[in-house]
Amino acid sequence: MAQLIRATSPKTQMPEIAAWIEELRASLGAEMIDKAMRNGLKNGGFWAIEDGFVVGQPPPDAIRRAQEDLDMRERADRDAA
């Protein structure tokens with residue numbers, strides 16, 4: 000089973016999430032979004048998964064679904080080779 004990896008460089012490892020966060024910062028204000036993310040990371044209210052990388056603490060069901068998606072992609076890649 001594929002395993003999620005804690006992102007060490009979220010901006011480069013999770014570009015779609017990073018772009019979405021930048022859009023929020025631009026439209027709602029960087030200070031507000033940064034504060035919400037800091038608080039959310041501390042209390043479990045913010046988490047994200049992209050392409051096998053994770054930040055925060057997703058609920059078990061989200062982790063399971065992400066692992067299943069990774070497994071399907073790995074099988075498809077093997078079958079295509």
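With numbering that gives the first Met the number 0 applied, the sequence shown corresponds to residues 0 to 80, in that order.
We treat Cβ as the ideally placed atom computed from N, Cα and C, and that holds for glycine.
These figures come from a predicted structure and were not determined experimentally.
Can you tell me which of the options puts its alpha carbon nearest to the alpha carbon of residue i?
i	options	result
A17	A47, R74, P59 and A61	A47
T7	V53, R77 and L40	V53
I4	S26, I32, P57 and E30	P57
Among residues of its own chain, excluding the 5 on either side of residue i, which ones have a beta-carbon nearer than 7 angstroms to its beta-carbon?
i	result
M36	F45
A65	L3 and I48
State the beta-bridge partners of residue i as determined by DSSP.
i	result
A47	V54
R5	V53
Measuring straight from C-alpha to C-alpha, what distance separates residue i and residue j?
i	j	result
G55	A80	34 angstroms
D50	P59	17 angstroms
I32	D70	33 angstroms
G39	R72	30 angstroms
K10	I20	10 angstroms
Leaving aside the five residues before and after residue i along the sequence, list all residues of the same chain whose C-beta is less than 6 angstroms from its C-beta, in chain order.
i	result
E67	none
R15	Residue 15 is actually Glu in this sequence, not Arg. If we look at E15 and ignore the five residues flanking it on each side, its Cβ neighbours are E49.
With a threshold of 6 angstroms (Cβ to nearest heavy atom), would residue i be considered close to the ligand PLP?
i	result
I62	Judged by which ligands are present, the structure shown has none, so any question about the ligand PLP falls away.
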